[in-house]
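First comes the structure, then the notes that go with it.
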Amino acid sequence: MHHWISGATMEFGRRAVLCAAIATTLAVAAGGLFAASPAAAASVPAEDEFFGVWNPATGTWTKEPALDYAAFGALAEVEAAAKSGAYERASAGLLAYYRGREGRTPPPWVQNNVFVAGQEELFLDHFWTLGTGEAYISTFAVDGAEAEVTADVTRNARSAHASGWIGFMLMARHKESSTAEFRSRQAASGGPVLSVTLADGTVFDLAADHDTYIANGDLSGAVLGAEPELQVRDEGTGPYGPQTRKAYLSFDLSTLPAAPTKAVLRLTGRSAAADGPKQVVLFQEKEAFDEATRTWNNTVQNTFSWQGDPGGFDWKGPAGSDPEYSYQLPRFYFAGPVADAYRTTGDERIAAGLLSLMTDFVQDAADRPGGVPGFPRNLDSCWRYLNWTYAYDVLRTSSSLTPAINTTLLRAFVAGARYLATTTSNTPNWMISIRSTLLGLALYFPEFKGSSRWLADAQTFLGEQLRSALFPDGGYVEASSGYAMGVAQTFGKNAALLKANGESFAAGEDLRALSWYLADQAYPDVRDPSYGDSGTADWSPGLAVLADLLYDEELRHVATQGGAGRAPGHTSVVYPVTRTAVQRTGWAEQDLYLRFSADRGPHSVRDDLDVAVYAYGRPLLPEMGAFSYSSDPKSNWLRFDSRSRNTVTVDGVPQVLDAAAGLSQTHTPWFDLATGWTDASAAARHSRTVLFVRGRFWIVSDVLTPHDSAGHSYQQTWHSLPDARFTVDPVTKAASTAFATGANIRIVPSDPAPITAGLDDGYYSPAFYTVSEAKYVSYTLKATGTARLDTLLLPAHAGSGAEAEVTRVRTGDGASALRFTADRSSGWYLHAGGAGRERAFGPYAADARVAYAETTDGVERLLLAGGTVLLRGRRPLIRADRELGTLAVELDRERRSVAVAGLSGATRLEVAAPWARRVTVDGEPVRFTVRHGMVRLG
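Add 264 to the 1-based position in the sequence shown for our numbering, that's all there is to it.
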């Protein structure tokens, strides 16, 4: 269950009810980080084991059939043929049965690509792309006479405009001993041009800012970016040969004032192909590259072709590919769109091609460890069987599906179900995926013996698994937003699948807890906050499905940004066991949001006490993504280097995972106060406090306490999007973004003198296999003993300034005291190591851990956390008879009102407001007395 804070009282506890089901798919590619546990062997049953062997003398089955003849009278002819040993006749009867069968709905196909019409021709020709890092656009041809060729790339340029650049990759369509050559930007003329048209008719002809080609064989280590031509070639067998060449281009879109309405790529090229024009395949390339360094050896490639190879795919990852390639190719992500293309066109070539790929896999994988059922891992088998089931439902009426092929596939489905019923993993999303696929197979193939048991077992297991996948406060145990949403989405998909196949579905409180955890983490525009190794997907459809499933009108309000449903009764939230807190002003796109975490678990990155900030319609200090699971420099930096997150790195050493840590938060109408600590750095404990002056800005206080007396280096880093155009003031060292449109943020350190400020080179990956360069701000402090870094984060609306001044005030005992002016406010802030000792901060003094005082538009607001008294001069403003938790007070002299929030612990409270006529505590009017100029409560 999600937890929110009313006043200073935190609501805990959650109900756990067994969920009836979960599942069909996790939309995020699962990565090769966790090995599956050993599972019982399960091989594809032979024909006699599938249909059964009958002993007429005893009237019993010598080998039990995989089909439940007794429960399905329509299989009587198949049973009779099986009993007589006429397996060809049994196969023919079984195909006729499935062709005519109605009333079963397959699970939806799953994918990690964006498919383009016509791409199915590539799949059928053994031409496959991993993920979304290289997205198919079109195929064009060049011949012997040099000429200009064009390709419409409007859709790609429009989507890429926000990132400020677009890249392309050229690859040979067929394996043949000829080379296509295109003029590069280094040529005297005819170099690549991206012709862009805006809505007002303005045309920009952009020259490439980088272009090169990579070559295998003797040139595999060569940098070819200075060559006057770009070469494209492929030949031989296997995924590539010694003469394979691929070309890469990129264009800077940051100077365009708006997204294009039309974009055309223009290239000048030729080919010496002896057998006519040479076809070239055009992809959008989403990994930024440098023509001065890119080679075959240092390029992690995502697209390979086995076109013309008599052996077709070998279902393995080629050398030099991302490690996910060998896992995802056998998942048959292409089966769904290829099957849909056959459904749409009725073209039997498509059906025959897809069936050939499926049977080729069965043949190739049968002799490998794990065989067909579990190759290469149980997680990959899950996606394969889901995609195969969907494809089979489309192909079962195809004339290309012969009785023999049909029986081969059904035998593979039986083997898969038996395997998934016994295999295990120690990773929650893997186990959920495994049993989810078993659920889908049991629903679609009730004719298999064991289906009813598989269905019941899957439902029971999945309900229990979800419960174990949540922390006691309802947070998800894997520190990855994409995986958390993937698990939740399985419920919506599985509920639809169960209902479509005549089964019931009951959602439990565990699903409600996970759904609200996701809603609380989501950005105000309902996008994925992309913590851990996740991307920036739109969460509104997934949350809307969950709202329908749970009949939750508050969740519907979140999913629709207030377009429907009822506004939630909370905004800011804390999950103390999960170790994450969110501070927000509301649930609409323009609201302010900060996520603060020290979460842990699978798919986490080294980011304890990281914060992510969103305001006024955009992420301003976002999470930077993961890129891939490869060991390339970009992926390694994003996943393993703490400097890739908005936290503090000690001595340049990345944090360790799953370190001891803690996090808490309290909430009042005017302030949120979150505090966390972590031992993720061996040299020093890091503590971070985040004070949200609601609706305006944040103050972040970092305290680094070393475990020895040596000097240490503390690097505080702040990241934004690639088009943020960060600048750093050389005097104040304040950093500012300068987006072309929309909101910006100013980052103001309180004590610039001892810190070194810099703009460093990093990366941003909004989705797997997509990455751009991105500058980030770095503040480095070298110190012995306890070190402090206090920083103001001030977001600003589009078109408004974000001016702020912060001055450190010395306290003499290591505490932080600040004076600041920002956003029409002037105020004072105290952050101390502990309560009990009275400390001055400007005209104020307090004995608290955190104290804050400001005056905005004539209204005074005060915060006292962990103390008993707040003074102005020597006169008390707030005085309690015992230590407070987190108390906030608003003094409105014009309205003669005093509002108090978070009154807990103290039995008596005094507030200096002799003019008061009305006093409220947590929004409710209360009785009070005035004595010696102090309002008294209690």
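Even for Gly, the Cβ is constructed at its ideal location relative to N, Cα and C.
Note that the coordinates shown come from a computational prediction; the quantities given were computed from them, not determined experimentally.
**Request:** Would you mind stating whether L665 and M622 have Cβ atoms separated by less than 8 angstroms?
**Result:** no
**Prompt:** Candidates P736, F1003, H438: which alpha carbon is nearest G500's?
**Reply:** Nearest of P736, F1003, H438 to G500, Cα basis: H438.
**Request:** Please check the pair F446 and L494, which I expect to be a contact at CB under 8 angstroms, by giving their CB distance rounded to whole angstroms.
**Result:** Between F446 and L494, the beta carbon gap of about 4 angstroms places them in contact (Cβ cut-off 8 angstroms).
**8 angstroms CB neighbourhood of V342 in its chain, flanking five on each side removed** = F315, L331, Y333, A354, G357, L358, Y361
**Request:** Specify, as a first and last residue, the run of the beta strand (DSSP E) that F625 falls within.
**Result:** Unbroken run through F625 is the alpha helix (DSSP H), 612-629; no beta strand (DSSP E).
**Item:** Cβ contact (3+ pairs, closer than 8 angstroms) linking the region 979-993 and the region 884-893
**Value:** yes
**Item:** Sheet register partners of Y740 (DSSP bridge)
**Value:** L734
**Request:** Please confirm if the region 396-406 is in contact with the region 543-561, defined as three or more CB-CB distances below 8 angstroms between the two stretches.
**Result:** yes
**Request:** Enumerate, from N- to C-terminal direction, the unbroken beta strand (DSSP E) stretches of 3 or more residues contained entirely within the region 921-997.
**Result:** 925-931, 935-942, 948-957, 961-970, 975-983
**Message:** Between the alpha carbons of N377 and A845, how many angstroms are there, rounded?
**Reply:** 33 angstroms
**Prompt:** The beta strand (DSSP E) spanning T1044 covers which residue range?
**Reply:** 1034-1048
**Request:** Return helix, strand or coil for H438, following the three-state DSSP convention.
**Result:** Annotated three-state conformation of H438 is coil, per DSSP.
**Request:** Determine the DSSP secondary structure at Q854, reduced to helix, strand or coil.
**Result:** coil
**Asked** Does DSSP put F1192 in a helix, in a strand, or in coil?
**Response** coil
**Request:** Count the CB pairs spanning the region 1085-1097 and the region 1035-1042 that are closer than 8 angstroms, and state whether there are at least three.
**Result:** no
**Item:** A876 - containing beta strand (DSSP E), residue span
**Value:** Taken as a continuous stretch (DSSP letters only), the beta strand (DSSP E) holding A876 covers 874-879.
**Prompt:** To the nearest angstrom, how far is it from the Cα of S715 to the Cα of R1010?
**Reply:** 60 angstroms
**beta strand (DSSP E) segments (min. 3 residues) lying fully within the region 1052-1105** = 1068-1072, 1080-1086, 1089-1095, 1103-1105
**Asked** The beta strand (DSSP E) spanning E499 covers which residue range?
**Response** Premise fails: E499 is in no beta strand (DSSP E) and is neither H nor E.
**Request:** Taking all protein chains shown into account, decide if K763 is buried (16 or more other Cβ within 10 angstroms of its Cβ) or exposed.
**Result:** K763 comes out exposed.
**Request:** Determine the burial state of R1182: buried for a count of at least 16 other Cβ atoms within 10 Å of its Cβ, exposed for fewer.
**Result:** exposed
**Asked** Who pairs with I1142 in a beta bridge, going by DSSP?
**Response** L1134, V1175
**Prompt:** Quick one, are the C-beta atoms of G1166 and T932 less than 8 angstroms apart?
**Reply:** yes
**Request:** Buried or exposed for R641, please, with buried defined as at least 16 other CB atoms from any protein chain shown within 10 angstroms of its CB.
**Result:** buried
**Request:** Could you check the C-alpha separation between A287 and L726 for me, to the nearest Å?
**Result:** Because the pLDDT of A287 is 31, which lies under 50, any placement of that residue in the model is unreliable, and the question is left without a value.
**Prompt:** With a Cβ-Cβ cutoff of 8 angstroms, do Q979 and A944 count as a contact?
**Reply:** At a Cβ-Cβ threshold of 8 angstroms, Q979 and A944 do not count as neighbours.
**Item:** 3-residue-minimum beta strand (DSSP E) runs that sit fully inside the region 348-404, ordered along the chain
**Value:** 391-393, all fully within the region 348-404.
**Prompt:** Looking at R820 and G829, is the spacing between their C-beta atoms short of 8 angstroms?
**Reply:** In contact: G829 and R820 (Cβ atoms closer than 8 angstroms).
**Message:** Quick check: the Cα distance between T229 and R791, rounded to an integer number of angstroms?
**Reply:** Only positions 265 to 1202 of the chain appear in the structure, and residue 229 is not among them; the question remains open.
**Request:** Can you grab the Cα-Cα spacing for the pair A770 / D966, in whole Å?
**Result:** 46 angstroms
**Request:** Would you identify the three-state DSSP class for K763, choosing helix, strand or coil?
**Result:** In the structure shown, K763 sits in a helix (DSSP, three-state: H, G or I).
**Message:** Tell me which residue opens and which closes the beta strand (DSSP E) that P1030 is part of.
**Reply:** Start and end: 1019-1031.
**Asked** With contact counted as at least three CB pairs below 8 angstroms, one residue from each stretch, are the region 968-975 and the region 1122-1135 in contact?
**Response** The region 968-975, when compared against the region 1122-1135, does not touch it at the 8 angstroms Cβ threshold.
**Request:** Measure the beta-carbon distance from W373 to G600 and round it to whole angstroms, keeping in mind my assumption that it falls under 8 angstroms.
**Result:** Between the beta-carbon of W373 and that of G600 there is about 3 angstroms, and that keeps the pair under the 8 angstroms contact cut.
**Prompt:** Hey, is D721's beta-carbon within less than 8 angstroms of any beta-carbon in chain C?
**Reply:** The question asks about chain C, but that chain is absent: this structure has only one protein chain.
**Prompt:** Under the three-state reduction of DSSP, which class applies to Y795: helix, strand or coil?
**Reply:** coil
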